[in-house]
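Under our numbering, think of the first position of the sequence shown as 90, with each following residue one higher.
Please read the structure below before turning to the comments.
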Amino acid sequence: MRLRVRLTLPALLAGLLLALAPGQATAASAVYSGPGWRIDTANGIHSLSPAPYLFTFADSASRTRLTPYAQAVAAQLTSVTGATFTVTTIIEAPPAEGSCPAEHHMVLGVKYRPTGVKGMSRAWSCYTNRPGSPDHHAAWGGWTWIDSEYWYANWFSTNATVNAAQIKNAITHEIGHLVGLAHPNTDVDGDGVVEDYECVRTTYGYLPVMCAPGLGGYTTSSGGGQFTSIEAPGLRQLVANYGLG
Ligand SMILES: [Zn+2]
């Protein structure tokens with residue numbers, strides 16, 4: 090009996106090793122969503138490139154107003170993803186709708202009601218279309234118009250801290266679209282309908298900054314404008330997806 094056990098055990102281990110080997114070969118596969126985040130595959134973005142991305146500005150007034158906000162977002166994106174996001178002083182006209190800016194340029198601008206709708210901003214993103222290359226479907230860049238109404242007195246809240254945080258969150262939301270995040274809205278309450286503001290929340294009850302139609306993100310003075318803790322894995326996954334199609 091003892092002898093039989095000794096012989097059987099090595100055979101069993103060898104079988105397990107063989108079974109694991111094919112799994113290891115296919116372990117790296119792209120992931121496009123998780124609790125509180127979703128990658129914008131609907132607009133063709135699957136990943137972030139390791140090559141640097143540059144924030145530029147639509148005009149000098151936009152540069153003056155948006156530079157501090159862009160710097161905070163760029164610092165967080167660089168820190169979380171390991172990719173490089175740099176705020177430049179470059180002024181360049183956004184391309185016509187349906188076109189894209191220079192590769193890895195993200196053009197930021199402020200405009201009154203850019204979509205014609207009160208309180209609405211918009212981002213237009215592009216993706217790299219090089220089939221067979223590792224950066225195929227990586228974020229290319231794009232541009233966004235932020236609604237200038239956000240700087241009207243008490244636009245988001247009569248609480249000055251909340252108001253300031255929500256201006257930052259609104260800008261971070263649009264930049265989030267440019268780097269490849271979509272709205273993570275999902276049917277949390279299980280009623281069969283995905284509603285506005287219906288997103289998985291952080292431990293402390295905050296909506297993701299990317300939750301549609303907006304007003305997500307931290308509302309504290311230090312947390313405003315930050316991608317939330319549950320969105321950081323989505324940003325890291327964008328980098329992890331690079332080269333995976
Ligand atoms: Zn959005």
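Quick reminder that beta carbons are idealized off the backbone N, C-alpha and C, glycines included.
>> Extract the residue ranges of the beta strand (DSSP E) inside the stretch 225-275, only unbroken runs of 3 or more that lie entirely within it.
In response: Taking 3 residues as the shortest admissible run, the stretch 225-275 contains the following complete beta strand (DSSP E) segments, listed from N- to C-terminal end: 228-236.
>> Can you list, in chain order, the residues of its chain with a C-beta nearer than 8 Å to that of Gly231? Leave out the 5 residues immediately preceding and following it.
In response: As a first step, residue 231 is located in the sequence shown; it is residue number 142 there, counting from the start. Once the five neighbours on either side are set aside, the close Cβ partners of Gly231 are Cys189, Pro190, Met195, Val196, Ala212, Trp213, Ser214, Cys215, His266, Leu267.
> Would the beta-carbon of Pro297 fall within 9 Å of that of Thr317?
Replying inline: Taking the first residue of the sequence shown as position 1, residue 297 is located at position 208. Taking the first residue of the sequence shown as position 1, residue 317 is located at position 228. Their beta carbons are under 9 Å apart, which means Pro297 touches Thr317 by this criterion.
>> Could you pull the DSSP bridge partners for Ser214 from this structure?
In response: For the purposes of this step, residue 214 is taken as residue 125 along the sequence shown, with counting starting at 1. The partner list for Ser214 (beta bridge, DSSP) reads Gly231.
> How is the beta strand (DSSP E) around Tyr142 delimited, first residue to last?
Replying inline: Looking up residue 142 in the sequence shown gives position 53. Annotation for Tyr142: the continuous beta strand (DSSP E) segment containing it runs 142-146.
> Do you know offhand how far Thr167's Cα is from Phe174's?
Replying inline: What you label residue 167 is simply residue 78 of the sequence shown in a count that begins at 1. What you label residue 174 is simply residue 85 of the sequence shown in a count that begins at 1. Taking the straight line joining both Cα atoms gives about 6 Å.
> Thinking C-alpha only, which one of Ala253, Ser237, Gly187 is nearest Ser311?
Replying inline: The count along the sequence shown starts at 1 and reaches residue 311 at position 222. For the residues Ala253, Ser237, Gly187, the minimum Cα distance to Ser311 belongs to Ala253.
> Can you name the start and end residues of the beta strand (DSSP E) that Pro197 belongs to?
Replying inline: On the sequence shown, position 108 is the one that residue 197 refers to. The identity of residue 197 in the sequence shown is Leu, whereas the question assumes Pro. Note, Leu197: beta strand (DSSP E), 194-200.
>> Given the structure, does Met299 come close to ligand 1, in the sense that its CB is under 8 Å from one of the ligand's heavy atoms?
In response: By 1-based counting over the sequence shown, the position of residue 299 is 210. True, at least one ligand heavy atom lies under 8 Å from that Cβ.
>> Could you tell me which whole beta strand (DSSP E) segments of length 3 or greater appear in the stretch 147-198?
In response: 174-180
> Hey, would you say Asn330 sits closer than 9 Å to His193, going by beta carbons?
Replying inline: One-based indexing of the sequence shown puts residue 330 at position 241. One-based indexing of the sequence shown puts residue 193 at position 104. With a cutoff of 9 Å on beta-carbon distance, Asn330 and His193 are scored as not near each other.
> Under a three-way DSSP split, which group does Asn330 fall into?
Replying inline: Taking the sequence shown and counting its residues from 1, one reaches residue 330 at position 241. DSSP places Asn330 in coil when its eight states are reduced to three.
>> Rounded to whole angstroms, what is the Cα-Cα separation between Glu309 and Thr250?
In response: Within the sequence shown, numbered from 1, the residue matching residue 309 stands at position 220. Within the sequence shown, numbered from 1, the residue matching residue 250 stands at position 161. Correcting the residue identity first, residue 309 is Thr in this sequence and not Glu. Each residue's alpha carbon lies about 6 Å from the other.
>> For Glu320 and Glu181, what's the separation of their Cα atoms in angstroms?
In response: Taking the first residue of the sequence shown as position 1, residue 320 is located at position 231. Taking the first residue of the sequence shown as position 1, residue 181 is located at position 92. Near 30 Å, if we compare the C-alpha coordinates of Glu181 and Glu320.
> When DSSP builds the beta bridges, which residues end up paired with Thr123?
Replying inline: Walking along the sequence shown from the start, residue 123 turns up at place 34. Checking the sequence, you will find Gly at residue 123 rather than Thr. According to DSSP, Gly123 bridges with Trp126.
> Does the Cβ-Cβ distance between Gly123 and Leu155 come in under 9 Å?
Replying inline: Within the sequence shown, numbered from 1, the residue matching residue 123 stands at position 34. Within the sequence shown, numbered from 1, the residue matching residue 155 stands at position 66. Their beta carbons are not under 9 Å apart, which means Gly123 does not touch Leu155 by this criterion.
>> With three or more beta-carbon pairs closer than 8 Å as the criterion, would you say the stretch 221-235 touches the stretch 137-147?
In response: yes
> Who are Ser136's beta bridge partners in DSSP?
Replying inline: Residue mapping note: residue 136 aligns to position 47 of the sequence shown, counting from 1. Bridge partners of Ser136: Ala227.
> Under a Cβ-count criterion, where at least 16 other Cβ atoms within 10 Å of its own Cβ denotes burial, should Asp285 be classed as buried or exposed?
Replying inline: The residue given as residue 285 occupies position 196 in the sequence shown. With fewer than 16 other Cβ atoms within 10 Å, it is exposed.
> So Gly313 packs on Gly305, CB below 8 Å; how close in whole Å?
Replying inline: Mapped onto the sequence shown, residue 313 falls at position 224. Mapped onto the sequence shown, residue 305 falls at position 216. Not confirmed; about 11 Å, so no contact.
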